[in-house]
Ligand SMILES: Nc1nc2c(ncn2[C@@H]2O[C@H](COP(=O)(O)OP(=O)(O)O)[C@@H](O)[C@H]2O)c(=O)[nH]1
Ligand SMILES: [Mg+2]
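Numbering (the working numbering), first residue to last: 806 to 1019.
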């Protein structure tokens, strides 16, 4: 019974994800679903990216959180359009929620729509939002065992950003192990080492993003 209910929820989600996909295709919008644990630096990374690329790309952001619109406010302070979805307890965004947000954010006029998913390394990866690309962040203080503990999420990424590299001198974190473990679950992902605070390493990420929109 539980299995068939879950399947129905996922089937309904996938139907709407297909509509979103068509919308992005028809409007030449690159949609990027950003997934990570809470606190790994999604909002900081997105804010820095928007400021760095503001003369090149029109960017909008759909923010997902259980409560509050603080992240949408942070994004708006960069000058970009942002809409907040409060999931009221749900641990991931759904394609329907994204669909409803697209008109509010005037997504048809943007080059890139980022979706900052609810902070969680499990549930968001099961829900297709119709995005073109998936980015997973892993930050140094979370520990070097996350790619093997949450292989499904890392396996689904097009890009993996290893964030908070500025802290690697202070926190035990075996970078070689992380890179090896990522290769085992996802040999094709691009992996960029960044600090969203200092900006180190961010240029490779900007280049990738610009290539995807070219
Ligand atoms: N040292 C360091 N702190 C960072 C970095 N990126 C984000 N932070 C900090 O990590 C905390 C959580 O960042 P936030 O962007 O809100 O994470 P989110 O929950 O994934 O959106 C904040 O205190 C940020 O200032 C980084 O590259 N280095
Ligand atoms: Mg955030």
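Cβ atoms here follow ideal geometry from the backbone N, Cα and C, with glycine treated the same way. The structure displayed is predicted, hence computed values, not measured ones.
Taking the alpha carbon of residue 970 as the reference point, which residue from 980, 963, 962 and 964 has its own alpha carbon closest?
Start at 1 with the first residue of the chain shown, and residue 970 comes out as number 165. Of the listed residues, the one whose Cα sits closest to residue 970 is 980.
Cβ pair residue 919, residue 864 closer than 8 angstroms
Working through the chain shown from its first residue, we reach residue 919 at position 114. Working through the chain shown from its first residue, we reach residue 864 at position 59. The answer is yes: Cβ separation under 8 angstroms.
Among residues of its own chain, excluding the 5 on either side of residue 832, which ones have a beta-carbon nearer than 6 angstroms to its beta-carbon?
For the purposes of this step, residue 832 is taken as the residue at position 27 of the chain shown. Excluding residues within five positions, the ones whose Cβ falls inside 6 angstroms are 913.
Any beta-carbon of chain C closer than 8 angstroms to the one on residue 993?
In summary, chain C is missing from the structure at hand, where a single protein chain is found.
Since residue 935 is in the beta strand (DSSP E), which residue starts that stretch and which ends it?
Counting from 1 along the chain shown, the entry for residue 935 is found at position 130. Counting along the chain, residue 935 falls outside any beta strand (DSSP E), and DSSP gives it neither H nor E.
With distances taken Cα to Cα, identify the nearest neighbour of residue 967 among 928, 935 and 1002.
Along the chain shown, read from residue 1 onward, the residue named residue 967 stands at position 162. Ranking 928, 935 and 1002 by Cα distance to residue 967 puts 1002 first.
Grouping DSSP H, G and I as helix and E and B as strand, with all else coil, what is residue 831?
The residue you call residue 831 lines up with position 26 of the chain shown. Looking at residue 831 - three-state DSSP - the assignment turns out to be helix.
Which residue comes first and which comes last in the beta strand (DSSP E) that contains residue 907?
As a first step, residue 907 must be located in the chain shown, where it is residue number 102. Not the beta strand (DSSP E): residue 907 falls in the alpha helix (DSSP H), residues 900 to 909.
Is residue 819 helix, strand or coil by DSSP?
Start at 1 with the first residue of the chain shown, and residue 819 comes out as number 14. Note: residue 819 maps to helix in three-state DSSP.
What are the uninterrupted segments assigned as alpha helix (DSSP H) that are 4 or more residues long and contained completely in the region 912 to 991, given in chain order?
951 to 954, 956 to 960 and 980 to 990
Taking DSSP's pairing of strands, which residues face residue 1015 in a bridge?
The residue you call residue 1015 lines up with position 210 of the chain shown. Looking at the DSSP assignment, residue 1015 forms no beta bridge with any residue, so it has no partner.
Beta-carbon proximity list for residue 884, same chain, < 7 angstroms, skipping 5 on both sides
Here residue 884 is taken as the residue at index 79 of the chain shown, counted from 1. Answer for residue 884: 859, listed in chain order.
Between which two residues does the beta strand (DSSP E) containing residue 886 stretch?
Reading the chain shown from its first residue, position 81 is the one you call residue 886. Its beta strand (DSSP E) spans residues 886 to 891.
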